[in-house]
Amino acid sequence: MVSEAIVFPVLQNIRRRNKHKIQLFSGEIIKADKDKGLNGECDFVFAKRPVSPELENPIIQVTEAKKGEVDNARSLSQTAAQMIGVRVFNQKHTEENPVETIYGACTTGYEWIFLKLEDNTIFIDTERYYLVKLSELLGILQYAVDFYD
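The sequence shown begins at 2 in this note's numbering and counts up one residue at a time.
Encoded structure:
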């Protein structure tokens, strides 16, 4: 897929900068709560465990936009549902201090929108961010990684 070929190098850049803090997973199945529809595949997810081969403490989730649009209802609702699934996964699989605030992004590869799940509220950034301003995009992703320090 074209967007995956664009998105992965951006996310890998963040992973390399933070190799002692995070791990990047692609196509990971999140088993959070089947009855609530919170099980499924995440396009990309960063986890707070840098050397674990298995997903532990997911913190940032990235979804490929549906129909090439980051701000359509389907894209945003899928991103939000995956963020909630990631938080439920953390609550079920983390012994101490599960991560409660989850960051997310929905992207076409060229255009990005960022979300934040805090308490029971999803915040959607009204700004759009673009690959042509790569340093700004990387700065936002780095901010999300640094939030968990």
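A virtual CB, placed ideally from N, CA and C, is assigned to each residue, including glycine.
Quantities reported herein were computed from a predicted structural model and do not represent experimental measurements.
DSSP, reduced to helix, strand and coil, places E57 outside both helices and strands of the structure shown, so it counts as coil. Judged by DSSP in its simplified three-state form, G69 adopts helix. Collapsing the DSSP output to three states places D126 in coil. DSSP, reduced to helix, strand and coil, places T108 within a strand of the structure shown. Following the DSSP letters along the chain, one finds L25 inside the beta strand (DSSP E) bounded by residues Q24 to K32.
Apart from sequence neighbours up to five positions away, the residues of its chain that approach Y104 with a beta-carbon distance below 6 Å are I61, K117 and A145, ordered along the chain. Distance check between R17 and each of E65, V52, C43 and N40 places V52 closest, using alpha-carbon atoms only.
When C-alpha distances from F90 are compared across C107, E57, S78 and G69, the shortest belongs to E57.
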